[in-house]
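Take 16 as the starting number for the sequence shown in the working numbering and just add one per residue.
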Amino acid sequence: MSTMHPESRQRGFGLVAAMFVIIIIAAVIAAMARLAVTQNSTNSLAIQQARAYQAASAGLEWGLFTITRPFTCGEAAPTTAVVTSFVLDGFTVAIPELKPSASQLIEEEDTVTHYFYTISATAQSGNVGDLDYAHRKLEAVAEVSCKQ
16 MSTMHPESRQ RGFGLVAAMF VIIIIAAVIA AMARLAVTQN STNSLAIQQA RAYQAASAGL
76 EWGLFTITRP FTCGEAAPTT AVVTSFVLDG FTVAIPELKP SASQLIEEED TVTHYFYTIS
136 ATAQSGNVGD LDYAHRKLEA VAEVSCKQ
């Protein structure tokens, strides 16, 4: 055995270190890709929810329009919207019913009937369980006065 070239038992350490670095970098890249996909789907869902809110708001406005149309005092208060459902840019908007409750007040010499309506509107796009499913339900209370 020569003393000039001692036999080394530590061969191949550079290969192990290189494999370790490659695996760590691959794991970091995979985690970043997963984070990017999650962030993109979260933004998409937030946009769908905002669109569902606007569609339900349009349904509420339609219900308010239905009850504020002039009707003759003494006739029955409207209990259904003229159109109870419609499609708005991919969202099905439903206005199931208008629920009136009447109360009468006597003001000086006139009798005033106040109709209080609970209006609900639901907007939905897609089916439950779909990735882009969005659903919003809004409710409002409105008052319509009628002098007799």
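Glycine included, each C-beta is placed from N, C-alpha and C at the ideal position.
Model, not experiment: these values are computed from the prediction.
For residue i versus residue j, is the C-beta spacing smaller than 8 Å?
i	j	result
Val108	Ala70	yes
Leu75	Ala149	no
Asp147	Gln64	no
Leu50	Ala157	no
Identify which residue in the options has its Cα closest to the Cα of residue i.
i	options	result
Lys162	Ala149, Leu146 and Thr126	Thr126
Pro111	Trp77, Tyr130, Thr128 and Thr83	Trp77
Arg66	Leu50, Ala48 and Leu103	Leu103
Tyr227	Gly144, Thr81, Met47 and Ser59	Here the chain has residues from 16 to 163 only, and residue 227 is not among them.
Thr83	His129, Val143 and Gly29	His129
Can you find the residues in the same chain that come closer than 6 Å, C-beta to C-beta, to residue i, ignoring five residues on each side of it along the sequence?
i	result
Thr137	Ala109 and Lys152
Ile38	none
According to the neighbour-count rule (16 or more other Cβ atoms, all chains shown, within 10 Å of its Cβ), is residue i buried or exposed?
i	result
Gln54	exposed
Thr57	exposed
Ser140	buried
Val159	buried
Leu113	buried
Ile2	This structure leaves residue 2 out entirely; the chain is present only between 16 and 163.
Phe106	buried
Please return the same chain residues whose Cβ sits closer than 8 Å to the Cβ of residue i, not counting the five positions on each side in sequence.
i	result
Tyr68	Ala138, Arg151 and Leu153
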